[in-house]
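Below: one structure, written as structure tokens.
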Amino acid sequence: MKLQANQAILRTSILTLVVALTGLLFTGCSNLQPQFDANGIPAARYRVGGGFEIDYRAPVTGTAVVVEDTSHRVWVTQSVDELESFTFRISADDADLHERLGPNASAATFSLYFVPANAKQRNEKKD
């Protein structure tokens, strides 16, 4: 009786493992490593720079996203073509900065993320 119960538990465990691994196989890794969080902030692997003065040349076609780090807000999003320059400049005294962040404006920091267009296409093919 105890042997049959152990065999049933073993079969159930193996079946559960097979179902889980099959699910991962068919959904791919894109669900495990999303490109953006719930606020539209790109994943950390796409961070390419930062600061109050940013000059970036896109290695491939994609999207440049500037995020204000302390508030976790997307500040600027711009599509860029391969080898196109992306420029972002903001002063610590900028009225928009103070309007959007209020008293936290003095602690503002900015990060630049670049999400290649082909990264999105690869994820769409997996889904």
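Note that my numbering has the sequence shown beginning at 3, numbered continuously upward.
Note that beta-carbon positions come from the ideal geometry of N, C-alpha and C, so glycine has one too.
Candidates Asp39, Pro118 and Ala119, of which the one nearest Val1 by Cα: With the chain running from 3 to 129 in the structure shown, residue 1 is simply not present.
query: Is Ser113 closer than 8 Å to Asp136 when the C-beta atoms are compared?
result: The requested residue 136 does not occur in the structure, where the chain is confined to residues 3 to 129.
field: Thr111 burial status per 10 Å Cβ neighbour count (16 or more: buried)
entry: By the neighbour-count definition (other C-beta atoms within 10 Å, threshold 16), Thr111 is an exposed residue.
query: Of all the options Ser93, Ser81, Asn120 and Ala66, which has the alpha carbon lying nearest to the alpha carbon of Ala109?
result: Comparing Cα-Cα distances from Ala109 to each of Ser93, Ser81, Asn120 and Ala66, the minimum goes to Ser93.
Reference Asp96; option with closest CA among Ala107, Thr89 and Glu86: Taking each of Ala107, Thr89 and Glu86 in turn and checking the Cα distance to Asp96, the smallest one comes out for Ala107.
query: If Ile56 sits next to Thr89, beta carbons under 8 Å apart, how far is it from one beta carbon to the other, in whole angstroms?
result: The beta-carbon distance between Ile56 and Thr89, rounded to whole angstroms, is 7 Å. This is short enough to meet the 8 Å contact definition.
query: In angstroms, rounded to a whole number, what distance separates the CA positions of Gly104 and Gly42?
result: Cα to Cα, Gly104 sits roughly 22 Å from Gly42.
field: Per-residue DSSP class, three states only, for Pro105
entry: Residue state, collapsed to three classes: helix.
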